[in-house]
Amino acid sequence: MKNHKLYLLLLTFFYLNIQPTFSQKYDNTWLMGYYYSSFTNVTGLDFYFGNPVSVGFAPPFNFISTGGACMSDANGDLLFYTNGCQVANFNNQLLPNSNLFNNYAPQNYYSVCDLWQSVISLPYPDQPGKFILMHYNYYTGSAPYGVSRLFYSVVDMNANGGTGEMTTKNMQVFQDSLIDSFCMPPNMLTVAIGG
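Mind the numbering: the sequence shown is residues 237 to 431 in my numbering, read in order.
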């Protein structure tokens, strides 16, 4: 009987101390890339209320990218997006210092990065409002051809009155023979690239 009362006491204690949990919604908005066609509006999906809702954007650059990325804040509101060469904020304005941030990547006729999944965005650890864009180049010198360098750039959405700025650009992380795509498991701050 004594164990039964202790069990009920512990169960009551845990029940009364249940706290609501909060999950960050950094990947709340998805933007769709287009293949070699110039559009003034970009289609995306917004998961703010759970089920995906189609949304439109009017980027200040061509978004016919195979290497785009976007980032929402912890509440799920869109902060910025990129076509792999330029970054725009939630107002569809080009972020200062972000034009051709991935200038080591080949750009096609439409002035967009022409690499598959060439950029990925992550929240900067322990620095609210800052985000890291990981990106790579494509080596086109003498053989062997392929991805050879990994870079990062930093977007600070606290800058310019909350409309953002790219504060660090094209910093090399390492050089090696890599495969041309990123992978980021859901809800993890881990990036995997093939080598």
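Cβ atoms here follow ideal geometry from the backbone N, Cα and C, with glycine treated the same way. Quick caveat, the model's predicted, so the values are computed rather than measured.
With the cut-off set at 9 angstroms, would you say residue i and residue j are in Cβ contact?
i	j	result
Arg442	Val409	Residue 442 is absent from the structure shown; the chain starts at 237 and stops at 431.
Phe314	Thr399	Reading the sequence as shown, one finds Leu at residue 314 and not Phe. No; because the gap between Cβ atoms is not below 9 angstroms, this pair is not in contact.
Asn338	Met393	no
Val291	Thr318	no
Pro295	Asn328	yes
How big is the Cα-Cα spacing for residue i and residue j?
i	j	result
Ala395	Glu401	6 angstroms
Phe285	Asp309	15 angstroms
Phe367	Cys306	11 angstroms
Val289	Tyr388	31 angstroms
Val390	Thr404	5 angstroms
Leu358	Lys241	48 angstroms
Tyr360	Gln411	22 angstroms
Tyr372	Asn287	33 angstroms
Gln322	Asp282	21 angstroms
Asn335	Asn406	12 angstroms
If I follow the unbroken beta strand (DSSP E) through residue i, where does it start and stop?
i	result
Asn325	Val323 to Asn325
Thr265	Thr265 to Leu267
Gly400	Segment: none, Gly400 is in no beta strand (DSSP E) and carries neither H nor E.
Ser308	Ala305 to Ser308
Gln292	The displayed chain sequence assigns Gly, not Gln, to residue 292. Run containing Gly292: Val289 to Phe293, per the beta strand (DSSP E) assignment.
Met370	Lys366 to Tyr372
Tyr317	Leu314 to Thr318
Contact check, residue i vs residue j under 8 angstroms by CB: the rounded distance?
i	j	result
Gly304	Phe293	Rounded, the Cβ-Cβ distance is 11 angstroms, inconsistent with contact.
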